[in-house]
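S.K.:
2 protein chains.
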Amino acid sequence: MAWELNSDRPIYAQILEKLQVRIVCGTYKPGEWLPSVRDLAAEASVNPNTMQRAFTELERSGLVITQRNMGRVVTQDVQLIEAAKHRMAVTQMNSFFENMRQLGYSDGEIISLVNQTANTADNTNT
Amino acid sequence: MAWELNSDRPIYAQILEKLQVRIVCGTYKPGEWLPSVRDLAAEASVNPNTMQRAFTELERSGLVITQRNMGRVVTQDVQLIEAAKHRMAVTQMNSFFENMRQLGYSDGEIISLVNQTANTADNTNT
DNA sequence: TAAAGTGTATTAGATAAATAGTACACTAAC
DNA sequence: GTTAGTGTACTATTTATCTAATACACTTTA
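Residue numbers (this note's numbering), protein chains in the order written: chain A, 1 to 126; chain B, 1001 to 1126.
#1: For the beta strand (DSSP E) holding T1027 (chain B), just list the boundary residues, first then last.
#2: Expressed to the nearest angstrom, what Euclidean distance is found between the alpha-carbon atoms of N99 (chain A) and T56 (chain A)?
#3: Let me make sure I understand the geometry here. Which of A:W33, A:L40, A:P10, A:L34 has the alpha-carbon closest to that of A2 (chain A)?
#4: Would you kindly check if the distance between the Cβ of L34 (chain A) and the Cβ of V78 (chain A) is under 8 angstroms?
#5: Using DSSP with H/G/I as helix, E/B as strand and the rest coil, what is G108 (chain A)?
#6: For the putative contact between A54 (chain A) and Y12 (chain A), defined by C-beta atoms under 8 angstroms, what is the C-beta separation to the nearest angstrom?
#7: Using a beta-carbon distance below 8 angstroms, is V1073 (chain B) in contact with chain A?
#8: Which residues bound the alpha helix (DSSP H) around V37 (chain A)?
#9: What's the C-alpha gap between N1049 (chain B) and L1019 (chain B)?
#10: Taking Cβ positions, are A84 (chain A) and S61 (chain A) nearer each other than 8 angstroms?
#11: Specify, as a first and last residue, the run of the beta strand (DSSP E) that R72 (chain A) falls within.
#12: Check the DSSP bridge columns for W33 (chain A) and list the partner residues they point to.
#13: Compute the Euclidean distance between the alpha carbons of V1037 (chain B) and G1031 (chain B), then round it to the nearest angstrom.
#14: Looking at the structure shown, is T1066 (chain B) part of a helix, part of a strand, or coil, going by DSSP?
#15: Would DSSP call N1010 (chain B) helix, strand or coil?
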């Protein structure tokens, strides 16, 4: 599983986002036990402290529940997961529109460009 | 003019992007003299060294030309500016699609959501 | 009981980024 | 010539992040 961490943002923040994505997109399923902090840190080639910090931040969203001395599980509250997914999508949408408008594109142009991009097959490997 | 710098990324990188945007969207027009490093630093509430670093990086794109001991001007090469604008738009589009797909949305759903968001009037102040 | 595996906490060191303060060489305007 | 305003360079300090290396309390399992 690729983590693809780069150095232009704090690593713990990148890990936090990736964990959120994996939960809302179903890679980690509701009620499922997560790998241990040490294992995930090794998988991501990162210090355990860094992974721990990412989880500490992730706790607050309620998407994972820590069962001390046993591990962590993904919440079984599918509505909470769906709400997080929706919230992340809205954030993506708004920042996308804001950035495109700042570049000088009208909403019509944005829609047109989105349709073009969606109809292009080879835009997944950029 | 609002700079809206936050701490989750290097400040010089954020400034660099904002300067690029201001050039491609016409806030700073072709051939126009830019404010001095010291003035811009004061305007952005940032150390002059940080603003200087942003400009040093910006030089490489060719969007601004430094005339030593006199100041900096925006390039008059409108094709270069247009190319930069297009490149930034493509980058925005691709990362947007990548992120939305990772969240589990199909291209059809993305297009639908984009249309909804564009038709919503109050999404500029989020 | 003993061992292995959890989350968690702590201390120390390394690195990058931002700030602060100062200085230099040059140009334009007075 | 003098002064003000450019870009640029330099050192030192502070802060945040990441790493490294332990250590502890607890649960599960053998």
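We put the beta carbon where it would ideally sit given N, CA and C, even for glycine.
Keep in mind it's a predicted model, so treat the numbers as computed, not measured.
M.R.: Reading from the atomic positions:
#1: Mapped onto the second sequence, residue 1027 (chain B) falls at position 27. No beta strand (DSSP E) holds T1027 (chain B); DSSP gives it neither H nor E.
#2: Numbered from 1 along the first sequence, position 99 holds the residue referred to as residue 99 (chain A). Numbered from 1 along the first sequence, position 56 holds the residue referred to as residue 56 (chain A). One C-alpha to the other measures close to 31 angstroms.
#3: Residue numbering aside, residue 2 (chain A) sits at position 2 when the first sequence is read from its first letter. A2 (chain A) has its Cα closest to that of A:L40, out of A:W33, A:L40, A:P10, A:L34.
#4: The residue you call residue 78 (chain A) lines up with position 78 of the first sequence. The residue you call residue 34 (chain A) lines up with position 34 of the first sequence. The Cβ atoms of V78 (chain A) and L34 (chain A) do not sit closer than 8 angstroms to each other.
#5: Residue 108 (chain A) sits at position 108 when you count from the first residue of the first sequence. If DSSP states are grouped into helix, strand and coil, G108 (chain A) belongs with the helices.
#6: As a working mapping, residue 54 (chain A) is identified with position 54 in the first sequence. As a working mapping, residue 12 (chain A) is identified with position 12 in the first sequence. Going by Cβ atoms, the distance from A54 (chain A) to Y12 (chain A) rounds to 5 angstroms, so yes, they are a contact pair.
#7: Taking the second sequence and counting its residues from 1, one reaches residue 1073 (chain B) at position 73. So, not an interface residue.
#8: On the first sequence, residue 37 (chain A) is found 37 positions in, with the first residue counted as 1. Its alpha helix (DSSP H) spans residues 37-43.
#9: In the second sequence, the residue the question calls residue 1049 (chain B) occupies position 49. In the second sequence, the residue the question calls residue 1019 (chain B) occupies position 19. Rounded to the nearest angstrom, the gap between the Cα atoms of N1049 (chain B) and L1019 (chain B) is 16 angstroms.
#10: By one-based count along the first sequence, residue 84 (chain A) stands at place 84. By one-based count along the first sequence, residue 61 (chain A) stands at place 61. The answer is yes: Cβ separation under 8 angstroms.
#11: As a first step, residue 72 (chain A) must be located in the first sequence, where it is residue number 72. That run of the beta strand (DSSP E) goes 71-74.
#12: Numbered from 1 along the first sequence, position 33 holds the residue referred to as residue 33 (chain A). Beta-bridge pairing links W33 (chain A) to A:V73.
#13: Here the question's residue 1037 (chain B) lines up with position 37 in the second sequence. Here the question's residue 1031 (chain B) lines up with position 31 in the second sequence. Rounded to the nearest angstrom, the two C-alpha atoms are 17 angstroms apart.
#14: Position 66 of the second sequence, counted from the start, is the residue given in the question as residue 1066 (chain B). Here T1066 (chain B) sits in strand by DSSP.
#15: Taking the first residue of the second sequence as 1, we reach residue 1010 (chain B) at position 10. Per the sequence shown, residue 1010 (chain B) should be read as Pro rather than Asn. P1010 (chain B): coil per DSSP, three-state reduction.
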